[in-house]
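Inspection log for the structure reproduced underneath, given as structure tokens.
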Amino acid sequence: MSEEEMKKAALRYHSEPRPGKISVELTKPTETAKDLALAYSPGVAEPVRAIAEDEWTAYKYTNKSNLVAVISDGSAILGLGNLGALASKPVMEGKGVLFKRFAGIDVFDIEVDSNSDKEFVETVSRISPTFGGINLEDIKAPECFEIERQLKEACSIPIFHDDQHGTAIIIAAGLMNALELQGKNLKDSVIVCVGAGAAGVASIKLLVNMGAKLENIYMLDRKGVIHSERNDLNQYKAFFANVTDKRTLEDAITGADVFIGVSSANLLTPELLVAMNDNPIVFALANPDPEIRPELANKIRSDLIIATGRSDYPNQVNNVLGFPFIFRGALDVRAGCINEEMQIAAVEAISALAKEPVPQSVVDAYEGEALSFGSSYIIPKPMDPRLLGCVSSAVAKAAVDSGVASKPYPSHYPLQDISQVHGNNNDI
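When we follow my numbering, the leftmost residue of the sequence shown carries the number -14, and every step to the right adds one.
As structure tokens, then:
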């Protein structure tokens, strides 16, 4: 399909046979006058009184227990930049499609036209009682860090900025497997990360929490290596300021074990790839054009493991491997947050699944592609139905074990398919 054909197909997909990608469905009968009397007046007064007396009953009598808000201000839409709140709506609807398709979670997409972080935080915090969780999306850095922090403090439900933590979780899951295959470990590996925005900062912070050493990490922004002598760093970049005389990507990558790119196309040149250590690992995640094309990278280094953000190459780092199931687990134990323990549990579950034999249904979904743990398969495929069970159960257990859940680990876990989602979450 040509680029022009793709544009036309995309616009047609979003407009026909009816505009948009998601809708609201009725979950109760509305065929008779009695049904309507129960649905609205006078019957609705009973759950209103119950919730006024005990707010937790909102999880029993409303859709709160299975409802997530996907919210953006449109300041960092995909790779398109700050195009405004309304322009982000197709993406937020798309996120709703993924929540529903992969984890049976209902979504309201909300686009906030705000002029400041304060306005955005106030708006979101005031509407937060409607939801069981909030997924923040496409908010530019560094504002996204402070927005998430303030909302976590203000709200009693999980607040999760997927561009930060979702990306970090999938990178970490794939990297742990790649390190194992390359005979390396996280603690001793030298890691270079190009891109100090939401994804880069969150990914490296998670790797540090999992055992990577700060002194072995070189993060670069548009001005080069983030080092201790720079005086232009915000608090989020300053965390990674290394005491080093390295200043350029060439300096940093010489002898490095891991390259993580969340930056721009063709940044990792053949010469830079050659300069890396034996058995290098490259996560070239710029979209649609990665920092280096896998076909070029593999031609240069036969000892390489490479991942991208694209579905037409092996080892796709795709957030859909994480966020639907992370929220599923959090909702089902009514977690008040998605903490570090829950994130690491998701990493370990996704990583472990890649080592399991792949069901034939998954192989068939990818046109018979041979899938087994190795350099071309370090991360599960998005269409793998086992993700629902293994990731949601790991996250739910971590929430319970770390004390942030208000419900016990569900008796119907681990989930086998989405049909188990409904009807099991209304006890208080």
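All residues carry an ideal CB built from backbone N, CA and C; glycine is no exception.
Computed from a predicted structure; not experimentally measured.
C-alpha distance - residue i paired with residue j, whole-angstrom precision
i, j, result
"Phe358", "Lys231", "36 angstroms"
"Leu65", "Ile329", "30 angstroms"
"Leu164", "Leu11", "48 angstroms"
"Met(-9)", "Arg(-3)", "10 angstroms"
"Asn324", "Asp317", "15 angstroms"
"Ala(-5)", "Gly185", "29 angstroms"
"Leu68", "Ser387", "39 angstroms"
"Pro32", "Lys13", "15 angstroms"
"Met110", "Arg134", "The question names Met, but residue 110 is Ser in the sequence shown. Taking the straight line from one Cα to the other gives about 12 angstroms."
"Asn63", "Ile156", "Residue identity check: residue 63 is Leu in the sequence provided, not Asn. Distance between the alpha carbons of Leu63 and Ile156: 18 angstroms."
"Gly294", "Ser141", "33 angstroms"
"Phe224", "Glu280", "35 angstroms"
"Leu257", "Met(-14)", "33 angstroms"
"Leu166", "Pro299", "15 angstroms"
"Gln345", "Val385", "33 angstroms"
"Ala381", "Val97", "30 angstroms"
"Tyr394", "Asn216", "48 angstroms"
"Ile189", "Asn170", "15 angstroms"
"Asn48", "Glu104", "27 angstroms"
"Lys172", "Leu199", "10 angstroms"
Beta-carbon proximity list for residue i, same chain, < 8 angstroms, skipping 5 on both sides
i, result
"Glu354", "Val348"
"Asn283", "Leu289 and Ile291"
"Asp402", "Pro370 and Leu373"
"Thr254", "Ile277"
"Tyr351", "Lys366 and Met368"
"Gly28", "Ala22"
Proximal residues to residue i (C-beta, below 7 angstroms), its chain only, five neighbours per side dropped
i, result
"Val305", "Leu83, Phe87 and Pro367"
"Asp102", "Glu128, Glu131 and Ile132"
"Asp206", "Ala181 and Lys222"
"Pro365", "Leu306, Ile335, Leu338, Ala339 and Leu372"
"Leu252", "Val179, Gly246 and Glu276"
"Cys375", "Ala334, Leu338 and Pro399"
"Gly168", "Asn264"
"Glu78", "Gly5, Lys6, Ile7 and Asp94"
Opposing strand residues paired with residue i [DSSP bridges]
i, result
"Asp94", "Val55"
"Ala292", "Phe268"
"Asn324", "DSSP, once it has assigned bridges, lists no residue as partnering Asn324."
"Tyr362", "Gly359"
"Leu121", "Ile56 and His146"
"Ile311", "Answer is none; Ile311 lacks a bridge partner."
"His397", "According to DSSP, which records beta bridges pairwise, His397 is partnered with nothing at all."
"Gly209", "Asp206"
"Gln405", "DSSP lists no partner for Gln405."
"Asn227", "His212"
"Ala237", "Ala237 is not bridged to any residue."
"Ala390", "Ala320"
"Gln301", "Thr293"
Unbroken alpha helix (DSSP H) run spanning residue i, endpoints
i, result
"Leu281", "Pro279 to Ile285"
"His(-1)", "Glu(-12) to Ser0"
"Asn162", "Thr152 to Leu166"
"Asn194", "Ala183 to Asn194"
"Met77", "Lys74 to Ala88"
"Tyr44", "Ala43 to Tyr46"
"Thr108", "Asp102 to Ile112"
"Val259", "Pro255 to Val259"
"Cys129", "Glu128 to Ala139"
"Ala339", "It is not in any alpha helix (DSSP H) - Ala339 carries neither H nor E in the DSSP assignment."
"Lys19", "Ala18 to Ala24"
"Ala35", "Ala30 to Glu38"
Beta-carbon spacing of residue i, residue j below 8 angstroms
i, j, result
"Thr233", "Val267", "no"
"Phe310", "Ser248", "no"
"Ser60", "Lys125", "yes"
"Pro114", "His(-1)", "no"
"Ala197", "Ser213", "no"
"Asp123", "Ser57", "yes"
"Glu341", "Ala383", "no"
Boundaries of the beta strand (DSSP E) in which residue i is found, first to last residue
i, result
"Ile62", "Neither: Ile62 is in no beta strand (DSSP E) and is coded neither H nor E."
"Cys178", "Ile176 to Val179"
"Ile202", "Ile202 to Asp206"
"Phe244", "Val243 to Gly246"
6 angstroms Cβ shell around residue i - same chain, five flanking residues per side excluded
i, result
"Cys322", "Pro143 and Val389"
"Ser174", "Asp242 and Val243"
"Phe93", "Ala54"
"Leu52", "Asp91, Phe116 and Gly117"
"Lys392", "Val318 and Arg319"
"Ala237", "Val177, Tyr203, Val210 and Lys231"
"Asp20", "Pro14"
"Gln149", "Ala183 and Ala187"
"Arg313", "Ala88 and Ser377"
Cβ-heavy atom distance, residue i to the ligand ATP, below 7 angstroms
i, result
"Phe358", "Absence of the ligand ATP from the depicted structure is noted, as is the absence of any ligand whatsoever, leaving it without description."
8 angstroms Cβ cutoff, residue i in contact with chain B
i, result
"Gln220", "Considering every chain present, this structure includes no chain B. It has just one protein chain."
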